[in-house]
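One structure is given below, encoded as structure tokens.
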Amino acid sequence: MVLANDQDSGNQIVADPHVLPATHINYTDGLALFSYIKSTTSPMAFITKPTTELGTKPAPIMAAFSSVGPNSIIPEILKPDITAPGVSIIAAYTKAQGPTNEAFDTRRIEFNSVSGTSMSCPHIAGVVGLLKTLHPTWSPAAIKSAIMTTASTLDNTWKPITQASHLQATPFSYGGGQVQPNHAMDPGLVYDLSNNDYLDFLCALGYNQTQIQLFSDNPYSCPKKPISLINFNYPAITVPSLSGKITVTRKVKNVGTSSGIYHAFVYSPPGTSVQIKPKTLKFESVGEEKVFKVVIQAKKKQGGKTGYVFGKLAWCDGEHYVTSPIVVNLDISI
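For the sequence shown, counting from 1, position 112 maps to 112 in UniProt numbering; every step adds exactly one.
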């Protein structure tokens, strides 16, 4: 059997453990195959010896089955956070069932090629474990920040990561990008969070005092001043609706060298203008924190523009490149 992808599945190939002799080809090759079959009354095919191909390009490509944003529960928080290898991953496998998970499959194997979040997540969990070993005092938020802000949005041809359909992917597909463990070891700056930051977050979501106290052993009261979810110190900036101007607050902690000067570089989402205040952050010690503002304004043009647009903010000191996605849902009716 020859299994060819449809257009939605694109050029992504998943190594399925077929129960009959089969091969799997991508959408482009499928079109070529069907064209050939239609061009002759006696089509011929040959099976050659299998080979292993390394350095496949382009890679990575977002999986067709991968979940995408926006976050339907809390749109101010970008989801997903990150992407990692999760397609056709060879891993240890149970002998309690066959590789297809079907009752009739009597095959038993020690290893299987598996795809999905169940494969992607262990890669990130492993990176988290290594970072915690390297930096035992880092909080979970600092580790997450290090992973997200050092990720890459480019493939191995130095072009933007694409979907399986060849369309350009966005932060709604990959979050911060493809994980880069070696870069995450030394992120330069991190967006950290304290226990109270999380409790404040619950306050902003509308949890009452009794409910919130279940999450803390220490006395806690919601701030009297209303809390904006958009100012939660996340390593990404997401504005669920923008028709005018909004100011977003963030705080970064120096985890790099004892001193350093970081300059802001911003790539404004189309249809917006973005200003960073201040544009330069000077650190004199490890652990020092600095607050900055991100002012995002919608550009009002004839005809208007609606929908999500994407940009990014990067803090650079010449050695570190601390990148955060900027996601804005424009609502311009003018």
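Beta carbons: idealized from backbone N, C-alpha and C, even for Gly.
C-alpha of G10 to C-alpha of V322: approximately 32 Å in a straight line. The alpha-carbon of D29 is positioned some 9 Å away from that of N5. Your pair V239 and I246 checks out as a contact, with CB atoms roughly 6 Å apart and the cut at 8 Å. In the three-state scheme derived from DSSP, where H, G and I count as helix and E and B as strand, G188 is classed as coil.
In the three-state reduction of the DSSP assignment, G307 falls in the strand class, which pools E and B. With fewer than 16 other beta carbons inside 10 angstroms of its own, I47 counts as exposed. In this structure, DSSP gives P325 an extended state, which the three-state scheme calls strand.
Boundaries of the beta strand (DSSP E) harbouring H24: 23-25, taken from the DSSP string.
F111 places its beta carbon less than 8 Å from that of A91. Within the UniProt domain "Peptidase S8/S53" (58-159), the runs of alpha helix (DSSP H) at least 4 residues long that lie entirely inside it are, in chain order, 117-134, 140-149. Check the Cα spacing between Q163 and each of T83, G256, T40: the tightest is with T83. DSSP places L330 in the strand class (E or B) of the three-state scheme. Annotated three-state conformation of H263 is strand, per DSSP. In the three-state reduction of the DSSP assignment, S221 falls in the coil class, being assigned neither a helical nor a strand state. The beta carbons of N233 and S216 sit about 18 Å from each other, so the pair does not count as a contact at 8 Å. V19 is not a Cβ neighbour of S115, given a cutoff of 8 Å. Of the residues assessed, M148 falls on the buried side of the cut-off, its CB having 16 or more other CB atoms within 10 angstroms. By the CB criterion at 8 Å, N329 and L242 fall inside the cutoff. Shortest Cα-Cα distance from I237 to any of S145, C121, P181, T133 involves S145. When the beta-carbon positions are compared, D81 and S139 stay at least 8 Å from each other. With a cutoff of 8 Å on beta-carbon distance, G98 and T117 are scored as not near each other. Between the C-alpha atoms of N156 and K57 there is a straight-line separation of about 7 Å. DSSP places I237 in the uninterrupted beta strand (DSSP E) bounded by 237-242.
Beyond the five residues adjoining it in sequence on each side, F201 comes within less than 8 Å, by CB distance, of I227, L229, F232 in the same chain, given in chain order.
When the Cα atoms are used, K277 and F172 turn out to be separated by approximately 26 Å.
DSSP places L281 in the uninterrupted beta strand (DSSP E) bounded by 280-283.
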